[in-house]
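What follows is a set of notes on a single structure, which appears directly below.
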Amino acid sequence: PSGFGALSNTLLVGNFGDGSIVGFDRTTGTQVDYLRGTDDAPLLVDGLWGLAFGNGESLGRADALYFAAGPDDETGGIFGRIATDVPEPASVALLMTALGFGAVLRRRGR
């Protein structure tokens with residue numbers, strides 16, 4: 140989807156072997172990048188089986204990538220979600236208000 144960070148509008152391909160997820164340009168077919176975690180290292184899903192985005196309704200959030208996996212040599216089963224964390228507008232407004240209020244208090248204290 141368009142709101143999925145650096146890999147927006149790419150074709151995501153999951154690798155069962157190492158659990159990596161790679162984005163490919165949908166027009167040229169060239170590799171864009173790996174899906175990366177918060178530490179900027181490629182995100183690996185142990186025993187990755189399948190990937191699908193939600194539909195914004197009954198199949199989950201449209202901006203979230205859902206996966207099925209069988210970790211521990213496929214002895215377990217996991218259904219999970221990967222989402223880009225974008226601050227909600229209300230959270231950003233609250234932060235800006237708090238910072239502004241803090242600046243006012245700091246000036247008055249001088």
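Numbering (the numbering used here) for the sequence shown: 140 to 249.
Even for Gly, the Cβ is constructed at its ideal location relative to N, Cα and C.
Counting every other CB atom within 10 Å of its CB across the protein chains shown gives LEU150 a total below 16, marking it as exposed. Contact check for ASP202 against GLY158 fails: the beta carbons are separated by 8 Å or more. Where ASP185 is concerned, there is no enclosing alpha helix (DSSP H), because DSSP gives it neither an H nor an E. Boundaries of the beta strand (DSSP E) harbouring ASP172: 170-173, taken from the DSSP string. Here the region 204-212 lies against the region 168-186, with 3 or more beta-carbon pairs under 8 Å apart.
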